[in-house]
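Chains as they are written, first to last, in our numbering: chain A, 21 to 206; chain B, -1 to 645. Positions of the beta carbon are idealized from the N, C-alpha and C atoms, including for glycine. Small disclaimer: the values here were computed from a predicted structure and weren't measured.
Below you can see the structure in the form of C-alpha cells.
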C-alpha cells in the first residue's frame, strides 16, 4: 500500500498536549492552587447533571452532539484539576511560563544521585527507610514552595518548584517499583 | 401546547433488555413504577440465548432451540455473546469448539449453519433480540425505545457489535448500560441519599465487579473489574470434567456427548444449590441413559479456585477505588451463578455483611435496564433525578516506537471523555503516519486488544521531528471510541474516522438490514418511510418541547423560523418520500441549533451559580439578560462565548 517514496512509520510521543482552554473557567472556579476537592467534585456533579448525554437522550441531533461536547469538556477539566501536578501545570501555564520548560541542572544531578542510592539500597532496609523519608520530605517541601509561588503569582518560581515536585514524585514511584521488584525476589 | 402530545410515551413503553451469555430477559416499568420481567405463556421470563438454524431455513430461538442443542450441535448456537466483536482467529473462537467456521481469519467470526447459511455473531444475537422484542410487543402491544445491557468489561468492538445487533433487530436503542449499574437501579439504590456499593455479577459467561458510589442522585462508577472468561459456564465445564471421570460413556469428545455432559452438569449444579448430594439420571446420545452421584463438597472443592479468582478481582476493584471491604455499604449479588451457596458465602465473608439478593439474580439486570429506559425515555410520571456516570473499562492508547503503548485515555476515566496527544515523525521526509489504536492495560501493544489501524497520508516531506500530529480520542456515553488525527504544522486538516478492525463494515450491516426486511416480506421503501416518520415525530416532539420550555432564550423571529421548519417537516411526514423527510429533519435541526446551544449554556450557567434552570428562566426575560450574567460570572465566559449569545 502507499505510493512510491511514501513511508508510513510508527509515531513517537512528543509532549502531552495540554488543553488550550482553562479548566478553572470550564468549572467556574477561581484560579487558585489550593482547592477544596469536595467542592470541586460537587461542582463537577452539578454540571454533569445538566450536560450529560443521558439528560438529552431524546433531544434533537444538535442537542445530543452539544451534550457530548460539553460533558467531555467538564470531565476533562475535572480530571485535570483533581490531580495536583496537572492543576499546577495549568496555573503555571496561565502565568505565562512553559510548565515543561528547561530543567534545573542541579536538580538533574540530584535526581541522578537519588536514582543511584535507590538502586544501591535494595538489600539495606535501614537505608531504604532513610531514603524514603528524605524523598517524602523533599516532595512536601517542593509542594509548599509551589503553593507559595502560585499564591504570589510568581510564574518562574512556580515553574521551578513544579519541576522539583515532578522529579521527587517520579523518584518515589521508582522507589516503590524497586520495592516490588525486590519483594518478588525474596 | 398540543405539540407535546404528538409522541405519547405511555402508549409505547420503553423496554430494558439483558442480553446474556446463557439467557436473555426483557423487562418494562409498569404505570405504577415497578420494573417487571415479561414472561411467556408458561410463566418463563428467561429466554435461553440459543439460536437454532433448521434445514428448511427457519430459525428457532430460546427453549425450542435449546432442545435441539444435543441433536444438532453445529446448527445450534449457544453462548454467542462470547463471540461478539471477535476476529475469526481469536482464541475465544477456538474455545467455542463445535461450530463450523466459514473462515479461519478475518475481522468477524462467520459460522456455517443449516441450510448452507453463513451467519455472524451479530446476526445470531439479533435473532435473540428479535425474539425478546416480539415477546414485549405481544405483551404490551407496542414498544418504545430500548436500553440493552453489556458487561462493564466489554471492549470497544464488543460494544459496537451489541449496538449493531440491536439495530439489526429493529430496536430503537437509547443507550448501552453496564449490567452492574442496572442491578443497582433495580434495587432502587437511587432512593438512598448516599453510599458505596459493590455489585458482584457472576453470570453465565462473564464475571463483573463494580464499585459504585451514590451521592445525591448521581451514581458514579468508581472502578470496574472482572473477567470475560469466567462464569457459571466454567462451573459447568469443571463439573463436566468430574462427570467425564465418573462415567466412561461421558468421556468422549464427540460434539453430541460434550453437549450432553454440559447439560447434565448444569442440572446437577442447580440441584446442588439446595441439596448436599445429587443422584442424576443423564440422557446420552442415541437414547442411552446413565446415573452419576455428585456431592456438594466435592463440587465446591472443584470450583474453589474459580471463586477465589472472583474475590481476587473484587479486591483489585476495591483497591482501584481506594476502598477496603469495610467501606462498602451494600453488596448486590447478580447472575444465576450467585445462587451457588459457596459463592454467596465467600462474598459475604469478604465484606462481613449479608448480601442484597432478594431480587431474582437472573432478572435483576433486565429490571434495572427497564428502570433506566424509563428514566431516559421519560414516562408520564414525575422523573427522579438520577444520573449514571460511567467510566472507561480499559485504557485506550496508540502503539508507539518499539511496540510500546502510549496511553491516551486511562482506565476508569469518566465518560464521555476526550484526550489529545501530539506525535511527531521519527524519520526524515516521512509522509505518512501509521496509527495503531489499542485497548488494554499491558505495556506492549502486542499484548493489548488491537482496535483499529489507519494511515494518515499526505504530509509534506520535512526533517524528522518537525511534524505535529494531533491524535484525538473521543469516547461517547456508550463507551464507543472515535479517533481523529490532524497534522497541525502544515495546516493539513485531514481527519480520519476510525472504523474498528474487528466487527462488521457499515455496508455489510446495510445488507443484513435489507435481508432482514426481505425475510419479513416487507417493502424496503415502506420500511424506510415508516422509520423516517417515527424519527420525524420524535424530532418534532423534541423541538416543540424546547420551544415550550425556554421561550425566554429565543431571539426575535427565531420561533417563527423554527415553527416554519416544523410545519415543513410535518408536511413532509404526510408525504411518501423518505428522502424529503430526511431533508426537512436536517433543516429543522439546523435552524434550531443556535437555540439549542443557548439552552445548553443557560443550563451550565445556572449550575455554575448553583440554581436550577427554571429559576433562571423566570428572571431572565431575554438572551440579553443572560449575557449580563456571563460577564459578571466568575470565569463562566469560556462557555458563553459571543458566538453563542448574541446581543
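Hey, is residue i's beta-carbon within less than 7 Å of any beta-carbon in chain A?
{"i": "residue 598 of chain B", "result": "yes"}
{"i": "residue 414 of chain B", "result": "yes"}
{"i": "residue 474 of chain B", "result": "yes"}
{"i": "residue 266 of chain B", "result": "no"}
{"i": "residue 587 of chain B", "result": "yes"}
{"i": "residue 187 of chain B", "result": "no"}
{"i": "residue 613 of chain B", "result": "Caution is warranted here: a pLDDT of 45 is assigned to residue 613 of chain B, below 50, making its placement in the model unreliable, and the coordinate value is therefore given only provisionally. Chain A contact via Cβ: absent."}
{"i": "residue 98 of chain B", "result": "no"}
{"i": "residue 567 of chain B", "result": "no"}
{"i": "residue 594 of chain B", "result": "yes"}
{"i": "residue 540 of chain B", "result": "yes"}
{"i": "residue 216 of chain B", "result": "yes"}
{"i": "residue 605 of chain B", "result": "yes"}
{"i": "residue 280 of chain B", "result": "no"}
{"i": "residue 12 of chain B", "result": "no"}
{"i": "residue 344 of chain B", "result": "no"}
Can you confirm whether residue i, when its beta carbon is compared against all beta carbons of chain B, has any partner nearer than 7 Å?
{"i": "residue 123 of chain A", "result": "no"}
{"i": "residue 80 of chain A", "result": "yes"}
{"i": "residue 139 of chain A", "result": "no"}
{"i": "residue 130 of chain A", "result": "no"}
{"i": "residue 116 of chain A", "result": "no"}
{"i": "residue 48 of chain A", "result": "yes"}
{"i": "residue 190 of chain A", "result": "no"}
{"i": "residue 169 of chain A", "result": "no"}
{"i": "residue 92 of chain A", "result": "yes"}
{"i": "residue 162 of chain A", "result": "no"}
{"i": "residue 151 of chain A", "result": "no"}
{"i": "residue 73 of chain A", "result": "yes"}
{"i": "residue 69 of chain A", "result": "yes"}
{"i": "residue 77 of chain A", "result": "yes"}
For residue i, which of helix, strand or coil comes out of DSSP?
{"i": "residue 56 of chain B", "result": "coil"}
{"i": "residue 180 of chain B", "result": "helix"}
{"i": "residue 442 of chain B", "result": "strand"}
{"i": "residue 428 of chain B", "result": "coil"}
{"i": "residue 64 of chain A", "result": "helix"}
{"i": "residue 58 of chain A", "result": "helix"}
{"i": "residue 287 of chain B", "result": "strand"}
{"i": "residue 49 of chain A", "result": "coil"}
{"i": "residue 400 of chain B", "result": "helix"}
{"i": "residue 326 of chain B", "result": "coil"}
{"i": "residue 311 of chain B", "result": "helix"}
{"i": "residue 465 of chain B", "result": "coil"}
{"i": "residue 421 of chain B", "result": "strand"}
{"i": "residue 648 of chain B", "result": "Residue 648 of chain B falls outside the range modelled here, since chain B spans only -1 to 645, and no answer is possible."}
{"i": "residue 160 of chain A", "result": "helix"}
Is the beta carbon of residue i within less than 6 Å of some heavy atom of the ligand GTP?
{"i": "residue 266 of chain B", "result": "This structure lacks the ligand GTP; in fact it carries no ligand of any kind."}
Since residue i and residue j should fall inside the 8 Å C-beta cutoff, what is the C-beta to C-beta distance between them, to a whole number of angstroms?
{"i": "residue 331 of chain B", "j": "residue 342 of chain B", "result": "6 Å"}
{"i": "residue 65 of chain A", "j": "residue 548 of chain B", "result": "The pair is not a contact, with the Cβ atoms about 23 Å apart (cut-off 8 Å)."}
{"i": "residue 483 of chain B", "j": "residue 449 of chain B", "result": "At roughly 14 Å, the Cβ-Cβ gap does not stay under 8 Å, so residue 483 of chain B and residue 449 of chain B are not in contact."}
{"i": "residue 413 of chain B", "j": "residue 394 of chain B", "result": "Not really, about 11 Å apart at Cβ, beyond 8 Å."}
{"i": "residue 465 of chain B", "j": "residue 485 of chain B", "result": "6 Å"}
Who are the Cβ neighbours of residue i in its own chain at under 6 Å, not counting the five residues just before and after it?
{"i": "residue 333 of chain B", "result": "199, 200, 201 and 359"}
{"i": "residue 519 of chain B", "result": "Because the pLDDT at residue 519 of chain B is just 48, under 50, the model does not fix this residue reliably, and the point stays unresolved."}
{"i": "residue 67 of chain A", "result": "94"}
{"i": "residue 167 of chain A", "result": "53"}
{"i": "residue 480 of chain B", "result": "472"}
{"i": "residue 175 of chain B", "result": "145, 147, 367 and 370"}
{"i": "residue 195 of chain A", "result": "138"}
{"i": "residue 104 of chain B", "result": "86"}
For residue i, collect the residues of the same chain with a Cβ closer than 8 Å to its Cβ; drop the 5 residues on either side in sequence, then sort them by chain order.
{"i": "residue 258 of chain B", "result": "68, 248, 280, 281, 282 and 283"}
{"i": "residue 99 of chain B", "result": "86, 91, 107, 108, 109 and 110"}
{"i": "residue 523 of chain B", "result": "576"}
{"i": "residue 440 of chain B", "result": "403 and 446"}
Compare the C-beta of residue i with all C-beta atoms of chain C and state if any pair is closer than 7 Å.
{"i": "residue 180 of chain B", "result": "Judged by its chain identifiers, the structure shown contains no chain C, and its protein chains are A and B."}
Once you ignore the five residues that flank residue i on each side, which residues in its own chain have a CB closer than 7 Å to its CB?
{"i": "residue 616 of chain B", "result": "Its pLDDT being 46, under 50, residue 616 of chain B is placed unreliably in this model, and the value from its coordinates should be taken loosely. Excluding sequence neighbours, residue 616 of chain B sits near nothing in its chain."}
{"i": "residue 216 of chain B", "result": "385 and 387"}
Note to self: To test your reading of the DSSP string, which unbroken alpha helix (DSSP H) runs of 4 or more residues are found completely within the segment 38 to 110 of chain B?
What the structure shows: 61 to 64 and 89 to 94
Next item on the list: Return the chain-ordered ranges of every alpha helix (DSSP H) run that is complete within the segment 557 to 604 of chain B and spans a minimum of 4 residues.
Entry: 576 to 589
Next item on the list: Identify every run of the beta strand (DSSP E) within the segment 341 to 387 of chain B, keeping only runs that are complete inside it and at least 3 residues long; order them along the chain.
Entry: 385 to 387
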